[in-house]
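In what follows, a structure is listed as C-alpha coordinates, so that the remarks can point back to it.
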Amino acid sequence: MSEANSSREAVPLVAPRCVIVVDQALPVGRAANAAAVLALTVGQRHPGLVGAPLVDASGGVHPGLIPYGIAVLAAEADGLAALRERALAAGCDVVDFAVQGQQTTDYQAFRDAVALLPTSALGYVGLALVGEKKPVGKLVANLGLLK
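For the sequence shown, this note's numbering assigns the number 1 to the initial residue and increments by one for each residue that follows.
Printed below as a string of C-alpha coordinates:
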(Lines of atoms letter the chains of each structure in order from A; the text may use other names.)
(Lines give C-alpha, C1' and ligand atoms only; values in the text may rest on other atoms or scores of the structure.)
Protein backbone atom coordinates (compact mmCIF):
# COMPACT_ATOMS: atom_id res chain seq x y z
CA MET A 1 0.00 0.00 0.00
CA SER A 2 1.12 3.51 -0.53
CA GLU A 3 2.23 5.40 2.55
CA ALA A 4 -0.69 7.82 2.39
CA ASN A 5 -3.18 5.05 1.66
CA SER A 6 -1.99 2.75 4.44
CA SER A 7 -3.04 5.19 7.14
CA ARG A 8 -6.38 6.17 5.61
CA GLU A 9 -9.21 5.99 8.10
CA ALA A 10 -12.34 4.17 7.03
CA VAL A 11 -14.99 6.64 5.92
CA PRO A 12 -18.63 5.93 5.19
CA LEU A 13 -19.34 5.59 1.50
CA VAL A 14 -22.49 6.95 -0.12
CA ALA A 15 -22.82 4.13 -2.65
CA PRO A 16 -20.08 1.66 -1.76
CA ARG A 17 -18.57 -0.85 -4.08
CA CYS A 18 -15.92 -3.41 -3.27
CA VAL A 19 -14.21 -5.55 -5.87
CA ILE A 20 -11.29 -7.91 -5.73
CA VAL A 21 -9.13 -8.33 -8.81
CA VAL A 22 -6.66 -11.20 -9.01
CA ASP A 23 -4.07 -12.32 -11.50
CA GLN A 24 -5.99 -14.48 -13.96
CA ALA A 25 -3.01 -16.82 -14.40
CA LEU A 26 -2.92 -17.89 -10.73
CA PRO A 27 -3.81 -21.49 -9.97
CA VAL A 28 -7.19 -21.76 -8.24
CA GLY A 29 -5.72 -22.25 -4.75
CA ARG A 30 -3.47 -19.20 -5.01
CA ALA A 31 -6.30 -17.10 -6.48
CA ALA A 32 -8.55 -18.12 -3.56
CA ASN A 33 -5.75 -17.31 -1.12
CA ALA A 34 -5.23 -13.87 -2.66
CA ALA A 35 -8.97 -13.09 -2.54
CA ALA A 36 -9.22 -14.24 1.10
CA VAL A 37 -6.19 -12.23 2.23
CA LEU A 38 -7.51 -9.10 0.52
CA ALA A 39 -11.05 -9.57 1.87
CA LEU A 40 -9.81 -9.92 5.46
CA THR A 41 -7.91 -6.65 5.22
CA VAL A 42 -10.86 -4.87 3.59
CA GLY A 43 -13.08 -6.03 6.47
CA GLN A 44 -10.61 -4.65 8.99
CA ARG A 45 -10.26 -1.33 7.16
CA HIS A 46 -13.98 -0.93 6.45
CA PRO A 47 -15.98 -2.55 9.25
CA GLY A 48 -19.03 -0.56 8.13
CA LEU A 49 -19.24 -2.73 5.01
CA VAL A 50 -20.31 -5.68 7.16
CA GLY A 51 -24.07 -6.01 7.55
CA ALA A 52 -26.09 -6.78 10.64
CA PRO A 53 -26.02 -10.33 12.02
CA LEU A 54 -28.36 -12.82 10.38
CA VAL A 55 -30.90 -14.61 12.59
CA ASP A 56 -32.41 -17.88 11.42
CA ALA A 57 -35.89 -19.23 12.23
CA SER A 58 -34.48 -21.16 15.21
CA GLY A 59 -33.06 -17.98 16.71
CA GLY A 60 -29.51 -18.93 15.77
CA VAL A 61 -27.34 -15.90 15.14
CA HIS A 62 -24.89 -15.88 12.24
CA PRO A 63 -22.22 -13.21 11.60
CA GLY A 64 -23.21 -10.37 9.31
CA LEU A 65 -21.92 -10.43 5.75
CA ILE A 66 -21.28 -7.66 3.28
CA PRO A 67 -24.73 -6.75 1.89
CA TYR A 68 -23.34 -5.32 -1.35
CA GLY A 69 -21.53 -8.39 -2.60
CA ILE A 70 -17.93 -8.55 -3.71
CA ALA A 71 -17.15 -9.32 -7.32
CA VAL A 72 -13.95 -11.32 -7.76
CA LEU A 73 -12.57 -10.31 -11.13
CA ALA A 74 -9.59 -11.41 -13.20
CA ALA A 75 -6.89 -9.33 -14.88
CA GLU A 76 -3.52 -9.91 -16.46
CA ALA A 77 -0.74 -9.67 -13.88
CA ASP A 78 1.05 -6.89 -15.72
CA GLY A 79 -2.09 -4.73 -15.59
CA LEU A 80 -2.56 -4.87 -11.82
CA ALA A 81 0.04 -2.21 -10.97
CA ALA A 82 -1.54 0.24 -13.44
CA LEU A 83 -5.02 -0.54 -12.08
CA ARG A 84 -3.71 0.14 -8.59
CA GLU A 85 -2.41 3.57 -9.61
CA ARG A 86 -5.63 4.49 -11.44
CA ALA A 87 -7.70 3.40 -8.41
CA LEU A 88 -5.60 5.50 -6.03
CA ALA A 89 -5.92 8.49 -8.37
CA ALA A 90 -9.71 7.98 -8.40
CA GLY A 91 -9.80 8.18 -4.60
CA CYS A 92 -10.40 4.50 -3.92
CA ASP A 93 -9.03 2.73 -0.91
CA VAL A 94 -6.71 0.08 -2.34
CA VAL A 95 -5.50 -3.04 -0.59
CA ASP A 96 -2.72 -4.64 -2.60
CA PHE A 97 -1.13 -8.06 -2.28
CA ALA A 98 2.42 -8.16 -3.66
CA VAL A 99 3.69 -11.35 -5.31
CA GLN A 100 6.24 -11.81 -2.53
CA GLY A 101 3.38 -12.69 -0.19
CA GLN A 102 2.82 -16.00 -1.96
CA GLN A 103 6.52 -16.83 -2.01
CA THR A 104 6.82 -17.38 1.73
CA THR A 105 4.74 -18.30 4.76
CA ASP A 106 6.84 -16.04 6.98
CA TYR A 107 5.24 -12.59 7.27
CA GLN A 108 8.51 -10.93 8.33
CA ALA A 109 10.23 -12.39 5.26
CA PHE A 110 7.36 -10.97 3.16
CA ARG A 111 7.82 -7.54 4.75
CA ASP A 112 11.58 -7.70 4.23
CA ALA A 113 11.20 -8.66 0.55
CA VAL A 114 8.77 -5.80 -0.14
CA ALA A 115 11.04 -3.34 1.69
CA LEU A 116 13.80 -4.03 -0.85
CA LEU A 117 11.72 -2.79 -3.80
CA PRO A 118 10.35 0.63 -4.76
CA THR A 119 6.61 0.78 -5.43
CA SER A 120 7.23 0.92 -9.17
CA ALA A 121 9.00 -2.46 -9.08
CA LEU A 122 6.31 -4.34 -7.13
CA GLY A 123 4.16 -6.90 -8.87
CA TYR A 124 0.78 -7.94 -7.50
CA VAL A 125 -1.24 -11.15 -7.27
CA GLY A 126 -4.33 -9.16 -6.40
CA LEU A 127 -5.98 -5.91 -5.39
CA ALA A 128 -9.10 -4.95 -3.52
CA LEU A 129 -10.74 -1.67 -4.46
CA VAL A 130 -13.24 0.06 -2.20
CA GLY A 131 -14.90 3.27 -3.19
CA GLU A 132 -17.94 4.96 -4.60
CA LYS A 133 -19.90 2.81 -7.01
CA LYS A 134 -19.34 4.82 -10.23
CA PRO A 135 -15.55 5.31 -10.01
CA VAL A 136 -14.94 1.68 -9.05
CA GLY A 137 -17.27 0.50 -11.80
CA LYS A 138 -15.38 2.54 -14.39
CA LEU A 139 -12.06 1.13 -13.23
CA VAL A 140 -13.14 -2.50 -13.61
CA ALA A 141 -15.65 -2.19 -16.47
CA ASN A 142 -13.50 -4.21 -18.87
CA LEU A 143 -12.69 -7.05 -16.46
CA GLY A 144 -14.52 -10.35 -16.30
CA LEU A 145 -15.27 -12.61 -13.38
CA LEU A 146 -12.50 -14.90 -12.20
CA LYS A 147 -13.09 -18.38 -13.60
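For glycine and all other residues, C-beta sits at the position ideal for the given N, C-alpha and C.
Using C-beta distances below 7 Å, list every residue in its chain close to Leu143, excluding the 5 sequence neighbours before and after it, in chain order. As a position in the sequence shown, residue 143 is number 143, starting the count at 1. Hits under 7 Å: Val21, Leu73, Ala74, Ala75.
Candidates Ala34, Pro63, Val114: which alpha carbon is nearest Leu49's? For this step, residue 49 is matched to residue 49 along the sequence shown. Comparing Cα positions, the closest option is Pro63.
Beta-carbon proximity of Val99 to Gly123, cut-off 8 Å: Along the sequence shown, read from residue 1 onward, the residue named residue 99 stands at position 99. Along the sequence shown, read from residue 1 onward, the residue named residue 123 stands at position 123. Contact: yes.
What number of angstroms, rounded off, separates the C-alpha of Leu129 from the C-alpha of Ala81? Reading the sequence shown from its first residue, position 129 is the one you call residue 129. Reading the sequence shown from its first residue, position 81 is the one you call residue 81. In a straight line, the C-alpha of Leu129 is about 13 Å away from that of Ala81.
Please report the Cβ distance between Val125 and Leu26, rounded to the nearest whole angstrom; I am assuming they are in contact, meaning their Cβ atoms lie under 8 Å. Translated into positions along the sequence shown, residue 125 becomes position 125. Translated into positions along the sequence shown, residue 26 becomes position 26. In this structure Val125 touches Leu26 by the C-beta definition: roughly 6 Å separates them, less than 8 Å.
Give the single residue among Ala90, Cys92, Ala113 whose Cα lies nearest to the Cα of Gly101. Within the sequence shown, the letter at position 101 stands for residue 101. Taking Gly101 as reference, the option from Ala90, Cys92, Ala113 with the minimal CA-CA separation is Ala113.
Taking the alpha carbon of Ser120 as the reference point, which residue from Tyr68, Arg84, Asp23 has its own alpha carbon closest? Working through the sequence shown from its first residue, we reach residue 120 at position 120. That would be Arg84, whose Cα lies nearest to the Cα of Ser120.
Once you ignore the five residues that flank Arg86 on each side, which residues in its own chain have a CB closer than 8 Å to its CB? As a first step, residue 86 is located in the sequence shown; it is residue number 86 there, counting from the start. Spatial neighbours of Arg86 in its own chain (CB-CB distance under 8 Å, excluding positions within 5 residues in sequence) are listed in chain order as Leu139.
From what residue to what residue does the beta strand (DSSP E) around Leu129 run? For the purposes of this step, residue 129 is taken as the residue at position 129 of the sequence shown. 124-132 is the span of the beta strand (DSSP E), which, as asked, contains Leu129.
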